[in-house]
Amino acid sequence: MSASTITGARTASAGRAPASPRRRTRWSPGLLFLAPSLLILGVFVLWPIAQSFYYSLFDWTIGANSQKWLGLGNYVALTQDPHFWNALGVTMVYTVITVVLLVVLGFLVALALQGEGLITRIVRSALFFPTIVSLVSIGLVWKFLLDPQIGLVGGLFDLIGAKPIAFLTDPSLALPSLIFVGVWKSVGFAMIIFVGGLKAVPAERYEAARLDGTSRAQSVWFITLPSIRPTLLFATLILTIQSLQLFDLVYVMTGGGPLFATDSLVNLLYRSGFVDYKTGYAAAISWVLFAIVMIISGIQLRLFRYDDVD
Amino acid sequence: MKKRIAAAAAGAVVLALGLAACSGTSSSGTGGKVELSVWTGFTGGDRPGYAQIVKNFNASHPDIHVTMTVQPWDTIGQKLPSAWLTGQGPDIAAPSPDPNAIAQYVKTNSVLPITLTGDGDSKINVDKLAPGTVKEFTYGGKLYAIPANFASLSLYYNKKMFVAAGIDGPPTTVAEFADDAKKLTIDGGTTQSGLVLADNQTIQMWPILQWLEGGDIVDSNNCSAVQTAASQKGLKIWGDLVAKDGISPVGLTGAQADSLFSAGKAAMEINGPWAAPGYKSAGIDLGIAAVPTGVDGAVTLGAIAPLAISAKTKHPQEAQEFLAYWTSKSVQKTFSTTTGFPPLRTDLADDATLKADPVVSVFAAQVPDARLYLPKVPNATQVDSDAYTTMIGQITRGTDVATATATAQAAINKLTGCTTK
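Top to bottom, those sequences are chains D and E.
Going by numbering that gives the first Met the number 0, the first sequence opens with residue 0, and the numbers climb by one from there.
Going by numbering that gives the first Met the number 0, the second sequence opens with residue 0, and the numbers climb by one from there.
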C-alpha cells in the first residue's frame with residue numbers, strides 16, 4: 000500500500016520542470032514546532048551529558064584555573080577504590096532483590112486484584128498510594144518508624160518484652176531494611192502495570208483453555224505470562240533502571256552507613272561530587288553507572304525477545 | 000519578511016530579558032541602597048541570634064540592606080561552589096559548619112581576601128578574635144573568612160536522672176564520667192542510655208573522649224595518631240562502654256542523639272550551645288557542665304563555622320562592613336546572651352554580664368581549652384568519613400581496637416599524605 004502511494008507521488012511530479020539545485024529548502028512546520036523542545040533537550044540534557052564525559056577525563060575542580068588531564072585515570076582509580084566496589088555490590092544486591100520481589104509480588108497482587116469490584120478497587124488504590132508519595136518523605140517516615148528507641152517498631156518490640164532491633168544501624172540489617180521500604184513503596188506501581196497488561200489479554204484465550212480443561216495455574220503459566228511478555232519487559236526495565244539509581248532512600252535513611260553497608264553508586268557519586276568536590280571522579284562514576292544501565296537494559300531486551308513466537 | 004523580522008526582534012527581546020534575569024543576585028536596590036545577600040545553614044536553636052544580628056544591622060545601616068537565607072548545610076554545599084563561580088551566588092555565605100571547607104573555595108579563587116581589618120567598630124578587629132579562629136581561615140598570609148561563631152562543647156545532663164541514680168552532680172574527671180555513664184544506663188541501654196554518643200552526621204564527640212584519655216587523631220605532621228598506646232587505651236575504654244555496657248546506642252547521627260536526650264531517654268550528651276533552647280523547651284530538667292577533666296587536664300572540642308565573601312560580589316566594601324559589624328564587641332555580647340554561644344572576642348572574656356549568664360559562662364570558660372577537629376588537615380572531610388567515623392563504627396560494633404586502628408592509620412596517612420610513618 001505504502002509502496003504504491005510513493006510510486007503515485009513520483010508519477011505526479013514527473014511532468015514538472017527539473018527543480019533548481021539552488022531551490023531553498025522548505026522548513027517543515029513540524030520541525031519548527033519541535034525546535035524549542037530540541038533546544039531545551041540539547042542545552043539542558045545532551046550537552047551536560049557530553050560535558051560530564053569530558054570532565055571525567057580530568058582531575059576536575061570546579062572553578063580551578065587549570066584542570067589536570069588524566070585521560071582514563073579516573074576510571075582506573077575507580078577499579079582500585081574499595082568504596083567503588085562496595086557501592087557497586089550494594090547497588091547490585093539492592094537492584095536484583097528489589098526487582099525480583101517487585102515483579103513477582105506485583106504480578107501476584109495484580110492477578111488477585113484485577114477485578115472491578117468496589118473492595119478490589121479500594122485495596123488497589125491503597126496499595127498504589129505509596130507510589131505517589133516522594134521517596135524522601137517515605138524514607139523519613141520509615142526512618143522514624145524503625146528507630147529502636149523512639150520509633151513505633153521499637154515500641155512494638157518493647158511491648159512484647161523483646162529487645163528492639165536496630166534495623167538501620169546494624170550493618171547486616173540496614174540494606175535489607177532499605178530493600179523492604181523500596182519494595183513497599185513500588186509494589187503498587189508494579190501492580191498497576193501488570194493489571195494493565197492482564198486486562199489486555201483477550202478473554203477468548205482463557206475460554207479456549209477452559210474448554211481444553213486447563214487448571215488456573217496452567218492458564219497463568221501458558222497463557223497469561225506469554226501474553227503479557229511486553230508488560231513484563233517494560234516493568235522489569237523500568238524497575239531495574241529505577242533501582243540502579245538508588246539514592247533518595249539511602250540519603251535520607253542511612254547516609255550510606257552503617258560502615259558503608261548501604262553506600263550505593265549514586266550515593267558515592269554524590270559524596271565524591273558534592274562533599275569531597277572531586278568532580279571528575281564523580282563524573283566517571285556516573286558514566287560507569289550509565290554503562291551498567293545500558294548493558295543490563297540490553298541484556299533484558301535480548302532475553303525477552305529471545306524465543307519470541309511473534 | 001516583515002513578519003520574520005518582527006518575530007526575530009521579539010525573540011531577541013525575550014532572550015535578552017531571560018539573560019538579564021539570570022544575571023548576578025547582588026545588586027544596588029532602588030534609591031541607591033546596596034542589597035547584600037547572605038546564605039547560612041544555621042537552622043538550630045541559635046538561628047534567632049543570627050537573625051537578630053541582620054535585623055539590627057539593617058536598622059543601623061540605612062544605605063545597606065542584608066537579606067539572610069537559611070537553608071540546610073547540604074543544600075549550601077551543593078549550590079554554593081558553582082553559584083559563586085558563576086557570579087550567581089550570595090555576596091556572603093557560611094559555606095559549611097566545617098572550617099576546613101574554606102580551603103576549597105580559596106583554591107578556586109571563589110572567596111575575597113578580607114582587608115577591612117584594624118581597630119574600631121567599623122573594621123574587623125582581627126587581633127581581638129580568638130587566635131585559633133584567625134589562623135584557621137588564613138591561607139598564604141591572607142584572611143579569607145571570619146568565624147561566624149565559635150562554640151565549645153559542654154556536657155548536658157538530665158538532673159532528674161542523676162538524682163534517681165543517686166549521683167550528686169555532674170562528673171568532674173574522666174574516670175567519674177565513665178563510671179556515671181555506666182550507673183545511668185538502665186537495662187543495657189534499652190530503657191535509658193547513660194550517655195548518647197553520635198558518630199556520624201554530627202559535630203564529632205569521640206575526639207573529646209580520645210583527648211580526655213591522652214590520645215589523638217593526627218599529630219603535628221598530619222600523620223595518624225589513632226594507633227598510639229594512649230589512643231588505643233581511650234578507644235578501648237569507651238568502645239567497651241558502648242559495645243559491652245550499652246551506655247549509648249551504636250551508630251547514632253547527631254540528630255538521633257539529640258532526639259534521645261530531648262525525649263528523656265538519655266542521661267548525658269556532649270553538645271554545643273545551639274542545643275540548649277531545644278532541650279529546655281522539651282521540658283528536660285537540664286544541667287550544663289564543663290566536659291570532665293582528662294588525664295592531661297581540661298579539654299573539649301571547639302567548632303567554628305566560617306563566614307566568607309564571594310570574590311565576585313559587587314559590594315566588597317559593604318560586605319566587609321557587615322562582617323565588621325558581626326564581629327564587633329556590642330553585637331557579640333548581644334549574640335552570646337541570646338544564644339548561649341561564647342563570644343568570638345577575647346576582650347569579652349571577662350565581661351561581667353556574660354560571666355553571670357549560667358549558660359554562656361559554662362561554654363565561655365572552656366574556650367581556652369577547646370581544640371579544633373582536624374584543623375587544616377589535608378582531605379579532612381574524607382579523613383573524617385572514610386577513616387575516623389568508620390573506625391569508631393567498627394570499635395563500637397565489637398571490632399578489636401588494634402585491628403580497627405591499624406586500618407584507620409593506613410587510611411588516614413594515605414589521605415593526609417603523611418610519609419614519615
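Glycine residues also receive a C-beta, built at the ideal position from the N, C-alpha and C atoms.
Mind checking the segment 241-267 of chain E against chain D and listing, in chain order, the residues whose C-beta falls within less than 8 Å of any C-beta there? P248, V249, G250, L251, T252, Q255, S258, L259, A262, K264
Which residues in chain E have a C-beta closer than 9 Å to the C-beta of D:I149? List them in chain order. Q255, S258, L259, A262, K264
Is it right to say E:P80 is buried, meaning 16 or more other beta carbons lie within 10 angstroms of its own, or is it exposed? buried
Looking at the strands, I want to know which residues DSSP matches up with E:M267. E:Y156
How many Å lie between D:V182 and D:L101 at the Cα? 6 Å
Within the 8 Å Cβ cut-off, does D:L258 reach chain E? yes
Whole angstroms are fine: how far does the CA of D:V95 sit from the CA of D:I178? 10 Å
Can you give me the start and stop residues for the beta strand (DSSP E) that E:G301 sits inside? 299-308
In terms of residues, what are the limits of the alpha helix (DSSP H) holding D:T213? No alpha helix (DSSP H) holds D:T213; DSSP gives it neither H nor E.
When the Cα of E:Q226 is compared with those of E:G416, E:W38, E:T39, E:A410, which residue comes out closest? E:A410
Along chain D, which residues have their Cβ under 8 Å away from the Cβ of E:G392? G256, P257, L258
C-beta contact flag for E:F56 and E:V69 at 8 Å: no
Suppose contacts are defined by Cβ-Cβ distances below 8 Å. Is D:D247 in contact with D:V135 by that definition? yes
Reducing DSSP to helix, strand and coil, say where E:H314 ends up. coil
Anyone know if the C-beta pair for E:K332 and E:P342 falls short of 8 Å? yes
Give the residues from the segment 58-87 of chain E that approach chain D closer than 7 Å (Cβ to any Cβ), ordered along the chain. G76, Q77, P80, S81, L84
How long is the line joining the alpha carbons of E:G40 and D:A76, rounded to whole angstroms? 34 Å
Would you kindly report the start and end of the unbroken beta strand (DSSP E) that includes E:T68? 63-69
Please list the residues of the segment 57-69 of chain D that have a C-beta atom closer than 8 Å to any C-beta atom in chain E, keeping them in chain order. T60, I61, G62, A63, N64
Residue range of the alpha helix (DSSP H) that D:V75 falls in? 72-78
DSSP three-state assignment for E:P377, whether helix, strand or coil: coil
Identity of the residues DSSP links to E:N199 by a beta bridge: E:T252
Is there a C-beta anywhere in chain E that falls below 8 Å from the one on D:E275? One detail in the question is off: residue 275 of chain D reads as Asp in this sequence, not Glu. Yes, D:D275 lies at the interface with chain E (some Cβ there is under 8 Å from its Cβ).
Listed by chain order, chain D residues near E:N99 by CB distance under 9 Å: Within chain D, no residue comes near E:N99; the closest Cβ sits about 12 Å away, beyond 9 Å.
Would you say D:A34 lies against chain E (beta-carbon separation less than 8 Å)? no
Count the other CB atoms, across all protein chains shown, that sit within 10 Å of the CB of E:R344; report buried if there are 16 or more and exposed otherwise. buried
When the cut-off is 8 Å and only beta carbons count, does E:K375 lie next to chain B? Although the question refers to chain B, the structure presented lacks it and instead comprises the protein chains D and E.
Could you tell me whether the segment 244-261 of chain D touches the segment 201-219 of chain D, where touching means 3 or more Cβ pairs closer than 8 Å? no
Alpha helix (DSSP H) segment containing E:N108, residue limits: Taken as a continuous stretch (DSSP letters only), E:N108 belongs to no alpha helix (DSSP H), as it is neither H nor E.
Does E:W38 come out as helix, strand or coil in the three-state DSSP assignment? strand
Put D:D58 into one of helix, strand or coil per three-state DSSP. strand
Residue-level contact to chain E via CB, D:A49, 8 Å cutoff: no
Does E:K106 come within less than 8 Å of chain D when only Cβ atoms are used? yes
The segment 288-297 of chain E / the segment 357-368 of chain E touching (three or more Cβ pairs under 8 Å): yes
Under 8 Å, Cβ to Cβ, is there at least one residue of chain E near D:A165? yes
What is the DSSP secondary structure of E:T336, counted as helix, strand or coil? helix
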